[in-house]
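Engineer: Residue numbers (my numbering), protein chains in the order written: chain A, 206 to 528; chain B, 315 to 720; chain C, 415 to 677. Dumping the structure here so I can ask a few things about it.
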Amino acid sequence: MDYALLIGIFPQVLLDGILLGFMYALIALGYTMVYGVLEFINFAHSEIFIFGAFVGVEILLSLQSAGWLARLPWVVVLILVILAGMLASGLLAVTVERVAYRPLRTAPRLIPLISAIGVSFFLQDVIRLFESMWRNAFNLVYPTMDVMNIRFELTSTLDVSVRSLVVIVAALLMLWSLHVLVNRTKIGTAIRAVAEDQAAASLMGINVNRIISLTFLIGGAMGGAAGVLFGIQYSLINPYTGFIPGLKAFTAAVLGGIGNIPGAMLGGLVLGLLEAFAASYMSLLTGGAFGAEYKDIFAFSVLILILIFRPKGLLGEVVRGRA
Amino acid sequence: MIRAVAAVAAVALSVTLVDLFPRSILVFLAFQLSLLYVYVTRIPAWLRTGLLGVALLVLMPLIGFRNGYYLEVATQVGIFAALALGLNIVVGLAGLLDLGYVAFFAVGAYSWAIVGSPHANLIFGGGFPLAPGWFYVFLFVGLAVAAITGVLLGLPVMRLRGDYLAIVTLGFGEVIRVLANNLDKPINLTNGPKGITPIGRPPLPFGIPYSEGFYFLVLLIVAVVILVNRRLEDSHIGRAWEAMREDELAAQAMGVPLVRAKLLAFACGASFAGVMGVVFSAKQIFINPESFTFLESIGVLAMVILGGMGSIPGAVVGATVVTVLNLQVLKGFSLWLNELKNAGVTVLGYSLADLPTQLEPAKYERMVFGIILVLMMIFRPQGIFPARRRQRELAHTDKVPTAVVP
Amino acid sequence: MTALFDAHGITKCFGGLVAINRVDYALDRGISSIIGPNGAGKTTLFNVFTGLYEPDAGEVTFRGRSLVGLRPDQITALGVCRTFQNIRLFANMTAIENVLVGMHARVRLGLWDALTHPPRFHTVERGLWQRGSELLERVGLRDKANEIARNLPYGDQRRLELARALGSEPALLLLDEPTAGMTQGEAGHLMGLLRRLVADLGLAILLIEHNMRVVMEVSDRVTVLDHGEKIAEGLPREVQGDARVIEAYLGRSSASRSPRAPS
């Protein structure tokens, strides 16, 4: 048992966990916000997430082929791409809600869930179709911006790349903005009101349908941003890459307390850290008998255990009050 | 009278056409549509059963001799029909949304694959593969193993609310897939992504060739599954499931033990998948984790939903439509498109040969499933053939129930 | 002599709210009623009796057996069955099917029987249908046996719920506001039916009711709850004249009560 090695990799694993955690947190926000206002699991959110990644990659590839990628300052490119991803994903989410969920709002709970599954599958192949026609390929690679690869050595065992820093900073900015939006603005209050009690909120003059659309917009935008960051971090995307992170982010949302926005952030971080540690240490400790894919099982096990033993999650559920 | 003649004519005509044009997918589709027509149209029961019986037992194998692929399609339809009927019990009767149903299919398949191939020698040292006759025993072993898996997977989650239950079952399905993909170390149980092959095939009576043999075997199993479904539906168990689906709280207050009833539904549904898994692995000779993914679970769900939740004919029709869509229509579209490309056809000045090579309609199953699910939920959630009240009704004159003619 | 049904010291809290506070209740036979203003805790008490809630304190015994901690289906199997304040029928099943489900606890068949349909299965099933038919006859719904439950008129739905509960062959029947929404005529009919049930089947019946005329006419004994406590108990006439009861109903201020307190 090489304890030195185990301790040595700790800082790096910690960093990986935080990175992963922020990513999950951003995606989880989409699930939790929608669940908060509608008590509905937006199964298609994983595709809304990866759609943002695809919008990002298309913009980057276009910039690259036009020769501008190297010429523009990378911060500008980054902000452009993230904003584009957010806008696109947000609009997609709103459209999906209008077309596939709103007609089913009064149906028994399982019906819209099945519809959401259908949307998820549909979107996967739509993206594939588009990319097949447009680029004759649907496994796409994010163009590298050399600046991203610069690494800073913090300690002898830990170095962090500009890429990771960018992801962390962007995620933090986004989480903070959401916090401000939800807690300090009128819109945010309206969203929280609808999440608490739809009937009372509408009696107070809140246009519930508009707020619901807005919730999908914001949640979708968070997912889109996560998509772009995902692409920047992991480079390779295809229309089916959204599924597993989406499922894990949902786990994170439940872990933190579904419907609870700080809960989603906390749940994302906790799950990211747990997964990073599980992936690195399990593999080392068992001499490679437990391969990388087991970390996926790990996340699912967390989900199952949470739902059995503490379905309210860490910070407690926030669901619609009953009149 | 006219309908009876039309029905017989439709079948006879389409079969003749298939005989004349064995390569035409459209013609085969016409044959299948003629069978559907026989099923729905109002003709005397004896004629319906007779025509369908002849079509399935005689005509289909004959078609198989003309074009082996069609028999393959028919066999696949049968396999998925049994799966859809199993999921129908869980989702349609008991109202539990199971998104990981393919796990039971996988468990059954691997149970025969491991011992029916030399693979087990890696685990036990020797003595494998088992003699092919063991296949018939393993039909029951697969059933039992899948049922037990159903109970094990169901136990922790039975108290969960509907949508959470769905996600957790999805998780279980993924866990089984990842396990299948990774259990090649420390002991090599499943051989990981490389899969297991060659898997032994059962000895068939009368020296029937394998494609026909499997077809009849699948047909037999589907018939048994339908019988079991009907019997369960018409019993206190089926009524308890329906009550549970309608109102869980009230069902419990009326004496229905919820956890036990749910586990029973799970186990019954799982057992059908387990049996078919065994058949599947023997038929394919080769299995690997790729055949048991979330896509397959959703495919079976789409079949049940399209056909009609809780409806036995619905499950069969749903399985037929979806399988045909994937195996015939999409594939046919792919082939047709290729032919057009090769012929240099142009559409509105755009040469089809310029279409990107990655564009292959056969791969767009997800889109098909997705559209089916969304459209059905919005426009016809009860399915094409909604569960009809074919259950017994109390007669007005006497106190003894009489069966209702469907 | 041990009472058929005996509960004492029942306390149930929801968060900080005490819904039921050390209530004792016992009954033996005949028709008893529990009345009280909205929010008094009547349905909560029912839910405790039938296993939907577990009491924070207190004991519930039925025929000498403790019911605390048992699941609702187990309690039904022991002989205590209930109906619901908002009708909870199996909406898409027929009337006779609803009653058949009510009999589930009494069916002595297993999975194997359901799969193989041996002669025993057919005998038992025939018996079930026969009995179901009789129960529907009893409540006057025999000719609507094959109607889908949700298509039945309101009054019929209430009677169907009653028939369904009778399916489990209970010794004690708990009815939650059975005459709600009925006209006086219909309510009178239902009370006549209940009295016949007690006479013919030897049932004990416990009602929650708001219809005072019905309560006073049909009950052998009345208990009054207010704010989760028992404030009076006795013969209908005694309770009617009780000063505390009158104050509870008429001297009530309209100070808002927490909307979350179940009644």
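Here a beta-carbon is modelled for each residue, glycine too, at the ideal position from N, C-alpha and C. It should be emphasised that the depicted structure is a prediction, and the values quoted were computed from it without experimental measurement.
Which whole runs of the beta strand (DSSP E) in the stretch 579-628 of chain C are 3 residues long or more, in chain order?
Structural biologist: 586-590, 618-622
Engineer: Quick one: what does DSSP say S425(B) is sitting in, helix, strand or coil?
Structural biologist: helix
Engineer: Please state the DSSP three-state secondary structure of L649(C).
Structural biologist: coil
Engineer: Given that L529(C) touches chain B, what residues does it touch there, using C-beta distances under 8 Å?
Structural biologist: Under the 8 Å cutoff, chain B gives V542, R545, L546.
Engineer: With 7 Å set as the bound, which would you pick, yes or no: does the beta-carbon of S320(A) sit closer than that to a beta-carbon of chain B?
Structural biologist: For S320(A), the closest Cβ of chain B is nearer than 7 Å.
Engineer: Pull up the distance between the alpha-carbon of L318(A) and that of V324(A), whole angstroms please.
Structural biologist: 10 Å
Engineer: Using DSSP with H/G/I as helix, E/B as strand and the rest coil, what is F419(C)?
Structural biologist: strand
Engineer: Assign V387(B) to one of two classes, buried (16 or more other C-beta atoms within 10 Å of its C-beta) or exposed (fewer than that).
Structural biologist: buried
Engineer: Taking 7 Å as the CB-CB cut-off, is R491(B) touching chain C?
Structural biologist: Taking CB atoms only, R491(B) has no neighbour in chain C less than 7 Å away.
Engineer: Who are the near neighbours of L285(A) in its chain, counting only those whose CB is closer than 6 Å to its CB and skipping five residues on each side?
Structural biologist: Nothing listed; no residue qualifies.
Engineer: Helix, strand or coil, according to DSSP, for L336(A) in the structure here?
Structural biologist: Per the sequence presented here, residue 336(A) reads as Glu, with Leu not at that position. Three-state result, E336(A): helix.
Engineer: Let me see if you follow: with CB-CB separation under 7 Å, is D487(C) close to chain B or not?
Structural biologist: yes
Engineer: Mind checking who V573(B) pairs with in its DSSP beta bridge?
Structural biologist: Answer is none; V573(B) lacks a bridge partner.
Engineer: So which residues on chain B does S582(C) lean against when the C-beta distance must stay under 8 Å?
Structural biologist: M568, G569
Engineer: Compare the C-beta of D712(B) with all C-beta atoms of chain C and state if any pair is closer than 7 Å.
Structural biologist: Because D712(B) sits at a pLDDT of 41, beneath the cut-off of 50, its placement in the model cannot be relied upon, and the point is left open.
Engineer: Would you report the Cα separation of L371(B) and Y529(B), rounded to the nearest angstrom?
Structural biologist: 10 Å
Engineer: If you draw a straight line from the C-alpha of R491(B) to the C-alpha of M590(B), how long is it?
Structural biologist: 17 Å
Engineer: Can you tell me where the beta strand (DSSP E) holding I448(C) begins and where it ends?
Structural biologist: 444-449
Engineer: Kindly indicate which residue of S625(B), Q642(B), Q696(B), A584(B) has the alpha-carbon position closest to the one of F454(B).
Structural biologist: A584(B)
Engineer: Relative to the C-alpha of E674(B), which candidate in V688(B), R515(B), W650(B) has its C-alpha closest?
Structural biologist: W650(B)
Engineer: Can you find a C-beta in chain A that's less than 7 Å from the C-beta of N496(B)?
Structural biologist: yes
Engineer: Taking Cβ positions only, does R477(C) come closer than 7 Å to chain B?
Structural biologist: no
Engineer: Kindly say whether A717(B), judged by its beta-carbon, lies nearer than 7 Å to any beta-carbon of chain C.
Structural biologist: With a pLDDT of 40 at A717(B), under the threshold of 50, the predicted position of this residue should be treated as unreliable, and no value is reported.
Engineer: Could you check the C-alpha separation between I626(B) and R436(C) for me, to the nearest Å?
Structural biologist: If I take the Cα positions, the gap works out to 53 Å.
Engineer: Taking only beta carbons into account, state which residues of the stretch 409-430 of chain B come closer than 7 Å to chain A, listed in chain order.
Structural biologist: Of all residues in the stretch 409-430 of chain B, L411 have a Cβ within less than 7 Å of some Cβ in chain A.
Engineer: Please state the DSSP three-state secondary structure of P700(B).
Structural biologist: coil
Engineer: Could you name the residues of chain C that S549(B) contacts, counting a contact when the two beta carbons are closer than 7 Å?
Structural biologist: Chain C residues near S549(B): A528.
Engineer: Which whole runs of the alpha helix (DSSP H) in the stretch 443-501 of chain C are 4 residues long or more, in chain order?
Structural biologist: 456-463, 486-492
Engineer: Restricting to Cα atoms, I'd like to know which of I214(A), S488(A), T362(A), F248(A) is closest to F421(A).
Structural biologist: F248(A)
Engineer: What residues of chain B sit near L315(A), judged by a beta carbon separation below 9 Å?
Structural biologist: The CB of L315(A) comes closer than 9 Å to the CB of V405, G409, L411, G476, D477, A480 in chain B, given here in chain order.
Engineer: Note down, in chain order, each residue of its chain lying with its Cβ closer than 7 Å to the Cβ of T711(B), except the 5 sequence neighbours on either side.
Structural biologist: Annotation note: pLDDT 40 at T711(B) (below 50); position unreliable, no value reported.
Engineer: Would you mind sorting D207(A) into buried or exposed? The rule is 16 or more other CB atoms within 10 Å of its CB.
Structural biologist: exposed
Engineer: Taking 7 Å as the CB-CB cut-off, is A458(B) touching chain C?
Structural biologist: no
Engineer: Under 8 Å: do the stretch 434-452 of chain C and the stretch 682-701 of chain B share three or more Cβ pairs, one atom per stretch?
Structural biologist: no
Engineer: Could you have a look at T508(C) and say whether DSSP puts it in helix, strand or coil?
Structural biologist: strand
Engineer: Taking the alpha-carbon of Y439(A) as reference, which of V372(A), A483(A), V413(A) has the nearest alpha-carbon?
Structural biologist: V372(A)
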